[in-house]
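Residues in the sequence shown are numbered from 1 upward in steps of one, following UniProt numbering.
The next block holds one structure in the form of structure tokens; read it before the comments.
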Amino acid sequence: MRVLVRRCWGSRPAGGGPDARPTPQWRALAGLGASPGGEDGRGVRVREKPPWRVLFFGTDQFAREALRALHAARENKEEELIEKLEVVTVPSPSPKGLPVKQYAVQSQLPVYEWPDVGSGEYDVGVVASFGRLLSEALILKFPYGILNVHPSCLPRWRGPAPIIHTVLHGDTVTGVTIMQIRPKRFDVGPILKQETVPVPPKSTAKELEAVLSRLGANMLISVLKNLPESLSNGRQQPTEGVTHAPKISAGTSCIKWEEQTSEQIFRLYRAIGNIIPLQTLWMDNAIKLLELDGWIGVRSVMFKKMLTATDFYNGYLHPWYQKDSRARPSQCRFQTLTLPTKKKQENKIVAMQQCIK
């Protein structure tokens with residue numbers, strides 16, 4: 001599939017003329033004042049150009065694509081973009097580990113589990129779907145700071161679940177932003193590169209993730225090829241249009257029949273259906289809806305076991321009507337399921353989001 005891409009913003013020429021050496025803005029703001037080719041305040045020589053030494057932070061399938069691109073660049077000895085590549089991920093309840101760890105082990109890359117970040121020297125860090133706040137002390141260890149590959153057009157959908165909320169809210173355009181990490185807050189740093197793509201009609205979050213992960217990986221490599229210049233040309237995020245994309249909870253999967261339209265329910269299914277099935281109430285029993293279509297026709301359900309719509313009708317709906325043909329059909333309709341708030345349940349959903357890919 002080919003996706004047409006356009007830039008969200010134009011490049012700004014670096015001050016001081018075409019031959020000026022730009023000072024990375026983040027280091028100037030931090031008061032370290034290092035310039036490429038100089039020292040970073042710790043007596044460590046700062047590289048002026050590639051190849052870079054990179055420490056990658058990531059977890060899921062979206063991050064795996066960025067790591068794959070970095071590894072391919074490292075293996076390309078002719079271009080000499082990446083000299084060193086190591087990986088930090090988070091512990092996983094899955095025995096196989098998260099997709100980033102699986103790829104790193106398969107590719108024989110050094111892997112650390114957070115909060116262990118190794119003790120090597122690096123030029124730049126890269127974050128994609130990591131879900132942990134990085135301290136200022138850690139950020140300042142990198143002469144060129146830490147870049148973040150974020151799957152939205154910031155400042156829209158700051159937070160850990162931008163793709164889910166893009167689908168959930170019916171956005172028709174989305175994109176990827178390469179930005180710089182700032183301490184204490186997620187997704188607020190300056191933008192280095194941003195591109196948009198249309199959201200394919202009726203696409204699921206998983207399908208959209210595949211499109212954005214490839215776009216993000218290509219954009220990351222482009223930024224690294226001109227890293228000092230990209231840092232100099234970074235721009236602050238606008239203060240207007242800020243929205244947030246929190247993690248989903250178990251309660252998100254409960255259909256609110258009295259409040260949600262059929263379109264909203266179908267968007268909910270496309271946004272989270274691959275992570276957690278939508279849930280509803282039928283005759284005081286919780287039921288999971290496994291397959292939906294645009295008119296909220298249900299193709300299969302989970303009720304004691306997985307059932308097709310035909311089996312559910314023949315085994316439950318039809319016998320109920322035969323038992324009392326004078327009963328009102330409204331007595332048999334789906335109703336809103338309300339779940340109790342449980343910390344353990346919320347943690348389970350987070351683990352599912354990490355492991356599902």
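All C-beta atoms, glycine included, are put in the ideal place defined by N, C-alpha and C.
Predicted model only: the values in this text are computed from it and were never measured.
A residue is called buried when at least 16 other Cβ atoms come within 10 angstroms of its Cβ; GLY234 meets this threshold and is buried.
Using a Cβ distance threshold of 8 Å, ALA250 and LEU339 count as a contacting pair.
ILE221 and GLU259 have their C-alpha atoms spaced approximately 44 Å apart. Taking LEU154 as the centre and dropping the five residues before and after it, the same chain places the C-beta of THR177, MET179, ASP187, ILE191, GLN194 and GLN237 closer than 8 Å to its C-beta, in chain order.
DSSP places SER300 in the strand class (E or B) of the three-state scheme. Using a Cβ-Cβ distance cut-off of 8 Å, the region 52-69 and the region 123-132 are in contact, since at least three pairs of beta carbons, one from each stretch, lie closer than that value. By the C-beta density criterion, PRO151 is buried, having at least 16 other C-beta atoms within 10 angstroms. In the DSSP annotation of this structure, the continuous segment of the beta strand (DSSP E) that includes ILE287 starts and ends at 285-292. Here ASP123 is buried: its Cβ has 16 or more other Cβ atoms, across all protein chains shown, within 10 Å.
By the CB criterion at 8 Å, LEU85 and LEU70 fall inside the cutoff. Between VAL149 and GLY216 the beta-carbon gap is near 4 Å, inside 8 Å, which marks them as a contact. According to the DSSP assignment, ASN226 belongs to no beta strand (DSSP E), since it is labelled neither H nor E. CA-to-CA, the gap between PRO95 and THR239 works out to about 43 Å. Between THR59 and ARG156, the C-beta gap is not smaller than 8 Å, which leaves the two residues out of contact.
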